[in-house]
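Okay, so the sequence shown: first residue is 764 according to the numbering used here, each after it adds one.
Notes for the one structure printed next.
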Amino acid sequence: MRTTHIEPDRLYTTREAAEILRVTEQTVQRYLRTRDVLGKQLGPKKKWHVPGKELTRVMKKWGYL
């Protein structure tokens, strides 16, 4: 499996997180709602963003790394 370089201090959009985790954007949003993936809601529209450190944690937990 090809790995993507994840910047630990960067915030990734749900679309970017989906590409990295190889799931749909809707799946990432569901994971955020159920707190399987931790993220932050930012901006006036409260769009979700996932920290790079969290993506790395999830990928290790799921055996991607």
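All C-beta atoms, glycine included, are put in the ideal place defined by N, C-alpha and C.
Candidates the options, of which the one nearest residue i by Cα
i    : options                   : result
R778 : V791, G826 and L805       : V791
K822 : L784, E770 and H768       : The question names Lys, but residue 822 is Met in the sequence shown. Selected option, being the one with the closest Cα: L784.
G798 : P807, E782, K808 and L818 : Note on residue identity: the sequence assigns Arg, not Gly, to residue 798. When each option's Cα is compared against that of R798, the closest is L818.
6 angstroms CB neighbourhood of residue i in its chain, flanking five on each side removed
i    : result
L805 : H812
K816 : P771
K803 : H812
For the region 772 to 790 against the region 801 to 813, do three or more pairs of beta-carbon atoms, one drawn from each stretch, fall closer than 8 angstroms, so that the two count as touching?
yes
Entirely enclosed beta strand (DSSP E) segments - the region 765 to 828, minimum 3 residues
774 to 776, 803 to 805 and 810 to 814
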